[in-house]
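Step one of this worksheet: look at the structure below.
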Amino acid sequence: MTSSQAPADLATRRAGKLTDTVYASLRDDIYAFRLLPGDRFAENDVAERLQVSRTPVREALMRLQSEGLVRGHFRNGWEVVPIDLARFASLYELREMLELHAVRKLCSPRIAPAVRQQLVAEQGAIWQCAPSDRLPDGLAVAALDEAFHCALVQAAGNPEADTVYRQLANQLRIMRRLDFAYGDCIDDTYAEHRAILDAIARSDAEQAGELIARHIEDSHTVVERLTIARLEQVRAESVQAAPAPGNAPAATPTRRKRFG
1 MTSSQAPADL ATRRAGKLTD TVYASLRDDI YAFRLLPGDR FAENDVAERL
51 QVSRTPVREA LMRLQSEGLV RGHFRNGWEV VPIDLARFAS LYELREMLEL
101 HAVRKLCSPR IAPAVRQQLV AEQGAIWQCA PSDRLPDGLA VAALDEAFHC
151 ALVQAAGNPE ADTVYRQLAN QLRIMRRLDF AYGDCIDDTY AEHRAILDAI
201 ARSDAEQAGE LIARHIEDSH TVVERLTIAR LEQVRAESVQ AAPAPGNAPA
251 ATPTRRKRFG
């Protein structure tokens with residue numbers, strides 16, 4: 001590498017890190033509803049707020065657009081994509097189809113016992129722990145939850161299904177984070193994942209399929225209610241700094257227990 005190449009490479013790496021920083025900041029603003037669905041903003045506003053140039057802002061926004069979180073309007077700035085509950089219902093249905101196929105295949109003779117055993121061992125080390133060892137941080141558990149479901153599909157051995165599922169997981173991430181940030185699902189998630197792994201370890205396709213279907217359907221039901229409640233709460237807080245007496249925000253719905 002020549003002396004002229006080194007500064008150029010360093011500048012490229014720094015620019016990449018700056019884009020990553022802007023991307024993470026905007027993504028977190030969207031996930032936390034500091035930027036609401038339907039909000040419009042300009043690149044200059046973001047650049048000024050984050051004290052960066054427009055280039056990393058634009059690159060970060062293009063990444064967010066590829067994930068379906070924002071969309072650009074020609075000569076009219078950017079918009080946080082409105083939450084379309086009907087679209088998310090379709091995505092959850094597709095998720096259930098892919099995961100049902102995956103767990104049933106994992107329980108079948110088409111999958112080598114060693115593959116099944118490795119999956120159960122690796123995921124069991126996370127989810128089959130004592131209650132006192134469970135993580136209390138909802139967003140940390142959300143990341144582990146996504147990794148768990150991705151691992152199920154990957155272990156089933158269809159690379160095309162795995163690619164589609166990971167794209168789907170990206171689109172559903174905002175809903176998953178809502179579930180874990182504002183819902184009451186951490187203990188249920190540990191219990192449900194443990195039961196799913198137990199069924200896979202026994203090669204019980206029927207039980208594994210029933211458990212994964214109920215797990216996804218219940219999560220969808222609760223996260224839809226959470227989305228509506230959270231949007232109403234954030235919008236109410238933006239109208240008035242403090243709620244008037246007797247007008248406290250609605251209680252966050254909790255997920256019903258499914259395993260004893």
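When we follow full-length UniProt numbering, the leftmost residue of the sequence shown carries the number 1, and every step to the right adds one. For every residue, glycine included, the Cβ atom is placed at its ideal position computed from N, Cα and C.
Where residue i falls: helix, strand or coil (DSSP)
i      : result
Arg176 : helix
Phe33  : coil
Arg110 : coil
Arg134 : coil
Buried or exposed (CB count within 10 angstroms, at least 16 for buried), residue i
i      : result
His149 : buried
His73  : exposed
Gln123 : buried
Thr19  : buried
Pro82  : exposed
Val80  : buried
Val115 : exposed
Glu224 : buried
Val239 : exposed
Phe259 : Residue placement at Phe259 cannot be trusted, given a pLDDT of 38 that sits under 50; what the coordinates show is reported in the next sentence. Answer is exposed; the Cβ neighbour count stays below 16.
Lys105 : buried
Met62  : exposed
Ala208 : buried
Pro56  : buried
Option in the options with minimal Cα separation from residue i
i           : options                           : result
Ala191      : Pro82, Ile212 and Pro159          : Ile212
His101      : Glu59, Tyr165, Asp39 and Glu232   : Tyr165
Ala151      : Gly138, Gln118 and Cys129         : Gln118
residue 342 : Lys105, Ile196, Thr163 and Ser219 : Past the boundaries of the shown model lies residue 342; the chain is included only from 1 to 260, so the question cannot be answered.
residue 287 : Val223, Glu206 and His215         : Here the chain covers residues 1 to 260 and nothing more, so residue 287 does not appear.
Arg202      : Arg63, Val120, Arg235 and Gly138  : Val120
Ile111      : Ala156, Trp78, Glu93 and Tyr92    : Ala156
Gln128      : Asp187, Ala24, Ala60 and Val153   : Asp187
Trp78       : Ala229, Val234, Leu35 and Pro113  : Leu35
Arg27       : Ala229, Val234 and Met175         : Met175
Ala42       : Lys17, Arg58, Ala229 and Ile30    : Arg58
Original post:
Using 8 Å as the threshold, is the region 130–142 in touch with the region 74–94, meaning 3 or more CB pairs across them?
Top reply: no
**OP:** Could you name each continuous alpha helix (DSSP H) segment of 4 residues or more that falls completely within the region 165–236, going from the start of the chain to the end?
**Re:** 186–201
Subject >> Runs of beta strand (DSSP E) lying entirely within the region 63–95, each at least 3 residues, in chain order >> reply: 70–72 and 78–80
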